[in-house]
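Protein chains in written order, with this note's numbering: chain L, 185 to 743; chain H, 2 to 168. Below: one structure, written as structure tokens.
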């Protein structure tokens, strides 16, 4: 006979879980009692939201399913933002919540919330377990659903009596069988052949690669495919790292804060090959003018993404890695579109990313460039959301997949710091930086307690402009500089860090940037860098809301 | 924009209906009619939903429905040869004498059944497609409809084609 809690822990171990991020409470006491002497490592966060983000960061950095645990009611509700973040970015996550005993379900019992109902639209699937014997099967299914097909979060709600009850150990099925869930991995041969025909015929082809390339672990295939054919690649925010930043075919990020040359290339290409990307509004700008001259091939594992926002000429449903492998095999080297490459080279030369360097102020872009130079791509960079995120995407040179972790779809401020904690447990071998703003960091600053307690060597680089910078930028550009509730009073972040027993440096001049970054990397534990940056620096170029993506503010004059 | 009849085969589990209808409400779709019941497989249910939307919108909802783990199969019956039925019960004001006779005459024409007779009212039950039911409702209105209840529409493909679990 085994208790539900014991069955749960054993099931997690069977799935290969080594680390759980969580926060205890009344209804999960039986689970915590079982964790007390289990080999699973449990990281006690300071807020359940951080548990979900940490599990998410762990999953993105490792490619494995992240696990978080919270109690019923408020604990479960605090996971919601983290679950929604993972859902929007297709991150494999299993969230386990306590629940009031089955006899009290629906009675507004103490710390009861209908977390299954609440998370229905933000999970790939969820479970309310009503029989202890179901626990092993449910855990197995949850990991399977979270980690296969288009990945995503799965929630398991466990009433307290289900965890305490003892049952005869149920037989665990050999493998998961779900008749309503059969993702397509292999691309349709006929569609692949049609895609190849279009690629051969194209004069100005362009690859638009998204987060699906990363989650499918298909970066090597993507680079081979592109280099074989000489096709330039632009990536989404989520796709950064799938091709090294300095690869000659790489055009960097496209979209609202993309490079000018990427956006020009989209606008002028005659064939757009979308790979694991979903034509998000931050990418496309005005949808009718997105890739107006192009035929479109769309490769995605989720059939619901194909044709959702933009009409597609050749849809290929399948796993990016598998489809690209088939396409590489089907395409011998063809002409490398010399005229097109020359044009792109010209754009790259005449429209590089730029910022004003000369006024003696500390520019955030400079900090990111220095960080990039120091770390040489051999680090995991996590960001918060806003200007800090866009500057990192633009100026940090990513060289490998899974070294860039950011909340793209939901745009969750407060994501970065806890996600960096999770990323550290996935990649303890490299430095992990959270690039933050002074706004974002204060959304989950309590996690300084967590990194201090476990000596987690996450480095927090705060680009401190005493504003909610991205919103302020919009107010400056589109609301006549009326800075409505976006100014933040100065905070001495180093002092906050010190109160938790964490080291830090305040940095106010360009000359101090590199030494302070080195000090952060050399420090064994967590470290806070409080960069006092140029207050009204903007993220440019920028596509205003509702404009075509080749209509950018802050770009170069068109030559 | 037109009415689409979707036939959805689902696992017979708690919460499934909520998952399915949630996908419609999230997109601001109003469900015109909904019918749920057991089907030929003991552990599955069949849901028929009638929804008004343009083809692209409905196609997107169907794709999202297909993504639900508990959904086994989704079909849009709209452009297929099919049989659709609803069952309706009317409680109609009917005094003894001429009114009741007239109502019974209408019932005969529509092949409706009288399932209850009271001192001041009768209950008629009729099965048919929406046109027939709407026509009958129009005729009965003159007597005073005290209460009307319709099941959701159900639909099935003609011929050998099926909406079954070979997903």
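We treat Cβ as the ideally placed atom computed from N, Cα and C, and that holds for glycine.
Amino acids of chain H, ordered along the chain, whose beta-carbon sits closer than 8 Å to that of residue 488 of chain L: 61, 64, 65, 67 and 68
Mind checking the stretch 14-38 of chain H against chain L and listing, in chain order, the residues whose C-beta falls within less than 9 Å of any C-beta there? 15, 16, 19, 20, 23, 24 and 27
Sheet register partners of residue 389 of chain L (DSSP bridge): L/455
Thinking C-alpha only, which one of L/455, L/467, L/412 and L/344 is nearest residue 255 of chain L? Ranking the options by Cα distance to residue 255 of chain L, first place goes to L/344.
So for residue 64 of chain H, helix, strand or coil by DSSP? helix
By DSSP, does residue 311 of chain L sit in helix, in strand, or in coil? strand
At a CB distance below 8 Å, what residues from the stretch 652-668 of chain L approach chain H? Give them in sequence order. Cβ contacts with chain H come from no residue of the stretch 652-668 of chain L.
Inspect the beta-carbon positions of residue 709 of chain L and residue 641 of chain L and report whether they are closer than 8 Å. yes
Just checking my contact of residue 275 of chain L with residue 243 of chain L at CB under 8 Å: how many whole Å lie between their CB atoms? 5 Å
Start-to-end residues for the alpha helix (DSSP H) that takes in residue 110 of chain H: 99-110
Should residue 122 of chain H be flagged as near chain L, meaning a C-beta pair shorter than 8 Å? no
Counting only Cβ pairs nearer than 8 Å, list the residues of chain H close to residue 365 of chain L. 70
For residue 505 of chain L, count neighbouring Cβ atoms within 10 angstroms of its own Cβ and tell me buried if that reaches 16, exposed if not. Answer is buried; the Cβ neighbour count reaches 16.
Three-state secondary structure (DSSP) of residue 20 of chain H: helix
In whole angstroms, what separates the C-alpha of residue 593 of chain L from that of residue 270 of chain L? 9 Å
Look at the alpha carbon of residue 123 of chain H and the alpha carbon of residue 93 of chain H, and state the distance between them as a whole number of angstroms. Computed Cα separation, rounded: 5 Å.
Chain-ordered residues of the stretch 75-99 of chain H with a beta carbon less than 9 Å from chain L: none
Compare the beta carbon distance of residue 497 of chain L and residue 512 of chain L with 8 Å and say whether it is the shorter of the two. Result no, Cβ atoms of residue 497 of chain L and residue 512 of chain L do not sit closer than 8 Å.
Is the distance from the Cβ of residue 460 of chain L to the Cβ of residue 394 of chain L below 8 Å? yes
In whole angstroms, what is the alpha-carbon distance linking residue 150 of chain H and residue 91 of chain H? 7 Å
Residue 734 of chain L to residue 711 of chain L, Cα distance in whole Å? 40 Å
Any chain L beta carbon closer than 8 Å to residue 110 of chain H: no
Could you list which residues in chain L have their beta carbon closer than 8 Å to that of residue 73 of chain H, in chain order? 363 and 364
May I have the straight-line CA-CA distance separating residue 82 of chain H from residue 157 of chain H, to the nearest angstrom? 9 Å
Candidates L/471, L/444, L/353 and L/454, of which the one nearest residue 391 of chain L by Cα: L/454
Contact set between residue 300 of chain L and chain H, taken where Cβ atoms lie within less than 8 Å: Residues of chain H passing the Cβ test: 16.
Going by alpha carbons, who is nearest to residue 341 of chain L out of L/363, L/282 and L/397? It is L/282 whose Cα lies nearest to the Cα of residue 341 of chain L.
Tell whether a beta-carbon distance below 8 Å holds between residue 28 of chain H and residue 305 of chain L. No, these two residues do not count as a Cβ contact at 8 Å.
Quick one: complete beta strand (DSSP E) runs, 3+ long, within the stretch 245-321 of chain L? 250-254, 277-283 and 309-312
Looking at the unbroken beta strand (DSSP E) that takes in residue 687 of chain L, where does it start and where does it end? 687-691
Can you confirm whether residue 463 of chain L, when its beta carbon is compared against all beta carbons of chain H, has any partner nearer than 8 Å? no
With distances taken Cα to Cα, identify the nearest neighbour of residue 42 of chain H among H/23, H/10 and H/136. Ranked by Cα distance from residue 42 of chain H, the options H/23, H/10 and H/136 are led by H/10.
Comparing the C-beta of residue 12 of chain H with each C-beta of chain L, is any distance below 8 Å? yes
On the three-pair Cβ rule with 8 Å, is the stretch 715-734 of chain L touching the stretch 41-56 of chain H? Note that the stretch 715-734 of chain L does not touch the stretch 41-56 of chain H; fewer than 3 beta-carbon pairs, one per stretch, sit closer than 8 Å.
Is the distance from the Cβ of residue 250 of chain L to the Cβ of residue 219 of chain L below 8 Å? Result no, Cβ atoms of residue 250 of chain L and residue 219 of chain L do not sit closer than 8 Å.
How should residue 387 of chain L be labelled, buried or exposed, when 16 other C-beta atoms within 10 angstroms of its C-beta is the threshold for buried? exposed
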